[in-house]
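In our numbering, the protein residues as written are 55 to 153.
Heads up: the structure comes next, in structure tokens.
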């Protein structure tokens, strides 16, 4: 009987310790998920800023609108091509923006 009592008490204590560990791990995972979401949002915002900068630079006449001719002319520049490709944009599909 005493051995069963000791076994039950150890089992109970271990159950409480494991429960606390699981609760802490769940809390950390939740915070990690939140930080991943925030990181993804920051990356998208930075990407949008880079795209806007690219198109502002391509707007040669500073009219606030970008024509196919302006973009085509801008993409003749090797640095502009490299920047366009660095943003994971396919230069061969650039005309689709204007169709």
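All C-beta atoms, glycine included, are put in the ideal place defined by N, C-alpha and C.
Considering only residues of the same chain and omitting the five flanking positions on each side of residue i, which have a CB-CB separation below 7 angstroms?
i	result
residue 145	129, 135, 138 and 139
residue 159	What is shown of the chain runs 55 to 153, which leaves residue 159 out entirely.
residue 206	A question about residue 206 goes unanswered here, because the residues of the chain that appear run from 55 up to 153.
Taking its Cβ as the centre, do 16 or more other Cβ atoms sit within 10 Å of residue i, making it buried, or is it exposed?
i	result
residue 62	exposed
residue 125	buried
residue 112	buried
residue 108	buried
Give the range of the alpha helix (DSSP H) segment to which residue i is assigned.
i	result
residue 64	56–112
residue 138	132–140
residue 125	122–128
By Cβ distance, which residues of its chain are closer than 8 angstroms to residue i, with the 5 residues on each side in sequence left out?
i	result
residue 152	121, 122 and 125
residue 65	none
residue 115	124
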